[in-house]
Amino acid sequence: MSYKIPMGPYHPGLEEPYKLDMICEGETVRDAELHIGFNFRNIEHLAETRNYFQVIALMERVCGICSFIHTLTLCQAMEKLANVEAPPRAKYIRVIMAELERLHSHVLWAGIASKLMGFKTMFMTCFALREKVMDVLQAISGNRVNYSMNCIGGVNRDVEDPTALLALIDDLEREMTRTVIPIFTTSSTARSRCAGIGVLTHEKAVSCAVVGPTARASGVNQDLRRDAPYAAYAEMQFEVPVEQAGDVRARLFVRALEIMESCRILRQALNNIPPGEISTGADKFAFVTGTATSRVEAPRGEVMYSVSWKEGSRNPARVHVRTPTFANMPAVRWMVRGARLADTPLIQASIDPCYSCTDR
Amino acid sequence: MIDLDSIRETLGVRDPWVESRGTHWLNPGTVSVRELAVLMNAVGARFVTITAYQLPGTEGFRLEYHWDLEGRLIGFPFVIAGDTLESAKFESIYDLCEAADWIEREVHEGFAIDFTGREYEPLLLRAGDKPGVNLREMAAPTGVPAQKEVAK
Chain A
31 MSYKIPMGPY HPGLEEPYKL DMICEGETVR DAELHIGFNF RNIEHLAETR NYFQVIALME
91 RVCGICSFIH TLTLCQAMEK LANVEAPPRA KYIRVIMAEL ERLHSHVLWA GIASKLMGFK
151 TMFMTCFALR EKVMDVLQAI SGNRVNYSMN CIGGVNRDVE DPTALLALID DLEREMTRTV
211 IPIFTTSSTA RSRCAGIGVL THEKAVSCAV VGPTARASGV NQDLRRDAPY AAYAEMQFEV
271 PVEQAGDVRA RLFVRALEIM ESCRILRQAL NNIPPGEIST GADKFAFVTG TATSRVEAPR
331 GEVMYSVSWK EGSRNPARVH VRTPTFANMP AVRWMVRGAR LADTPLIQAS IDPCYSCTDR
Chain B
43 MIDLDSIRET LGVRDPWVES RGTHWLNPGT VSVRELAVLM NAVGARFVTI TAYQLPGTEG
103 FRLEYHWDLE GRLIGFPFVI AGDTLESAKF ESIYDLCEAA DWIEREVHEG FAIDFTGREY
163 EPLLLRAGDK PGVNLREMAA PTGVPAQKEV AK
C-alpha cells in the first residue's frame, strides 16, 4: 500500500519554502511531486519599473548567495545593449569576485550537507572556512551579501592590494586538502550517507538539461567558463572536474574539486591583474532597441539573462532570468525515486538548491 | 564542432544565422517548434529556456526558444497571435523535451499562453488558479471608478 508524505514547506528536514510530496511504499520513495512558488516575488515584473541603475540593485536581490553573479550577468547584457565594454582590470576583478563567491557558496553547501548527514563537527569546520571567504568579500566590496560591485561598464570598487589576498587562498586550500576533502572521502559517515544515494543517470541529466555541478557529477562535461568564456576567463587555465557516478558523493566530489580549481583561478587573476581603470566612468547610457542575452557559470550552474530595451527608455522592457536551480530542481524527482525516505533531505540538498533564485 | 549551417539546411530555412548580442538567431520560418525540438535532440543541443514577450497592442506574443550547442547559445523566435486570455496558444514541446516542463508552466502563468498537447498541474509559481496576471499587460477592468471620482 502506498501513501503520501509531504515534506515542506515547513519541515525540520527541509528548512526552505519548498515542498516535496513523496509517494512511499514502506520506507521507499516510489515517486515525488515538487512544489515551488511559496515566496514568489515577481522580480521580473518589478525590473520593468526600475531604471538602469535601480535594476542592478534589484537583481542583486534575486539571490542571497550568488548576488554578484546576477548583477554580472545583467550588466554584461546591458553592456551589449549600450555598446560598452568593461576595461581589462574590471574583467579580472569580476573573475576574482565570481570565484570568491563560488568558494563561499561551495563551502556553505558542504557545511549544510554535513549537517544533513548528522556530521556537526564538519558543519562547524566548513562554516569557519566560509567565514574567512566572507571576510575577504567584505574587505573588497564593503559588504557581505549584496556587494554592489558591478556597474554598466565595469565595477564600482578596486582590489587595492591583490597579492595580499593570496595568503587567504593558500590557507583555504590547505584546510580543504588537509581536513575537508580527506574527511568527506574517507569517513564512513560521509561514505554511507552519500555513496550510491540519489543517483541521477547521465541519460536523465541530459534529458532534464541540468546544469553546473549537478550535471558534471552525472558525467555531463559542460562549464560556461571554458565553453563560452566571459569576463577574463579566456585568460585563465583551469580544469573542469567531471564525475560519472551521478550520486550525492559525486556531487560532493565535483564541488570539492571545484574549490581547488577556484583557488587556482584566483591565484592567476590576483597575480596577473592588469593596471588601469575599473570602469568606463560613464554614468549616462544610450541603449539600442533590441534584446541581449548573457550567460554566466554561477556556483550552481548556468544563469541566463535576456534583457530587452526600447531606445530612449530608462527602464528595461523585459528582463527574463533563467536560474540554475530552476533547471536542476525538476531532476530531484528522479533522484529520490527508489531512495530511502530518510535520505531525501540530503538528496534534495545535493543539488545545492537556491529557493530565492527559484522564487525570483 | 557542429556547423550551424547544417542545422539551417536540415530545417530547410533560407534565412542565414544572425549573431546578435550573445545569441545566434535563426528565423525558423514555417518550421514548427516541435520539428525544431526533434532536431535539437538529434544534434545533442541542451535546452536552456523560453523567453516570452508581449507585443504591443493586439499583436500577440513573441516566444524565444534557446538551446546551447557546444557552448553556443542559439535562439529561434516565434510569433503567436492572440490578445485575449483564451486565444493565445502554442504547441508544447514537453513530450519531446522534458526540460521545457517548468518554463512552459511559468510562461503559461505569466502570460496566459496555452501550450497545447499537455496538461497543467496546479500553478507552479503562485497561489490561485488563474494564469496571466504576472507579466501580461491587461486592460483595466471596466466599471471601476477612477480615483479622482472616488475622491469627490
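Order-wise, the sequence lines are chains A and B.
Read left to right, the first sequence gives residues 31 to 390 (the working numbering).
Read left to right, the second sequence gives residues 43 to 194 (the working numbering).
We put the CB at the ideal spot given by N, CA and C, even for glycine.
Nearest neighbour of B/H150 by Cα position, chosen from B/L78, B/Y162, B/E51, turns out to be B/Y162. The Cβ atoms of A/E332 and A/V241 lie closer than 8 Å to each other.
The Cβ atoms of A/M52 and A/T323 lie no closer than 8 Å to each other.
A/A322 sits in a strand when the DSSP states are folded into three classes. Judged by their CB atoms, A/I66 and A/V92 are not nearer to each other than the 8 Å cut-off. Using a C-beta cut-off of 8 Å, the region 89–109 of chain A makes contact with the region 335–351 of chain A, since at least three inter-stretch Cβ pairs fall below that distance. Listed in chain order, the positions of the region 334–347 of chain A with a beta carbon within less than 7 Å of a beta carbon of chain B are M334, S336, S338. In this model, B/Y107 and B/L138 are separated by some 14 Å (Cα to Cα). For A/Q84, the enclosing alpha helix (DSSP H) has its first and last residue at 84–89. Taking a C-beta cut-off of 7 Å against chain A, the contacting residues of the region 80–100 of chain B are R88, F89, V90, T91, T93, Y95, listed in chain order. In the structure shown, A/I66 falls within a coil segment according to DSSP collapsed to helix, strand and coil.
Out of A/V85, A/R124, A/V175, the CA that lies nearest to the CA of A/D188 is found in A/R124. At least one CB of chain A lies nearer than 8 Å to the CB of B/R63. The C-beta distance from A/L130 to A/V166 rounds to 6 Å, short enough to fall under 8 Å. Residues of chain B whose Cβ lies closer than 9 Å to the Cβ of A/L111 are, in chain order, R63. At a cut-off of 8 Å between beta carbons, A/A239 contacts chain B. By the criterion of a C-beta distance shorter than 6 Å, A/L296 is surrounded in its chain by E129, I199, once the five residues flanking it on both sides are discounted. Under the three-state reduction of DSSP output, B/G86 falls in the coil class, being neither helix nor strand.
Boundaries cannot be given for A/M179, as no beta strand (DSSP E) includes it and DSSP labels it neither H nor E.
Distance from A/V229 to A/R246 at the Cβ level is roughly 15 Å; contact not present, criterion being Cβ atoms closer than 8 Å. According to DSSP, residue pairing for A/A328 in a beta bridge involves A/G331. When only Cα atoms are considered, A/H350 and A/G56 end up about 42 Å apart. Counting C-beta pairs with one atom in each stretch, the region 265–285 of chain A and the region 247–256 of chain A have three or more that are closer than 8 Å, which means they touch. Closest in alpha carbon position to B/F157, among B/I145, B/A142, B/S134, is B/S134. With contact defined as three or more Cβ pairs closer than 8 Å, the region 348–366 of chain A and the region 82–99 of chain A are in contact. Just so you know, the alpha carbons of B/W59 and A/G320 end up roughly 17 Å apart.
Around the beta carbon of B/D110, 16 or more other beta carbons sit within 10 angstroms, so the residue counts as buried.
Per the C-alpha coordinates, the member of B/D47, B/S62, B/L166, B/V121 positioned closest to B/T72 is B/V121. DSSP places A/P118 in the helix class (H, G or I) of the three-state scheme. Runs of alpha helix (DSSP H) with 4 or more residues, each lying fully within the region 256–289 of chain A, are absent. Classified as buried, A/I95 has 16 or more neighbouring CB atoms from the shown chains inside 10 Å of its CB. If you check the CB distance, A/N251 and A/V270 come in under 8 Å.
Neighbours of B/D45 across chain A, judged by C-beta separation under 7 Å, do not exist; the nearest C-beta is about 17 Å away. Take A/A77, set aside five residues on each side of it, and the residues of its chain with a beta-carbon closer than 7 Å to its own are V85, L88, M89, P346, V349, in chain order. Of all residues in the region 138–152 of chain B, only E140, A141, D143, W144 come within less than 7 Å of chain A when Cβ atoms are compared, listed by chain position.
Contact of A/H100 with chain B by beta-carbon distance below 7 Å is absent, the smallest such distance being about 15 Å.
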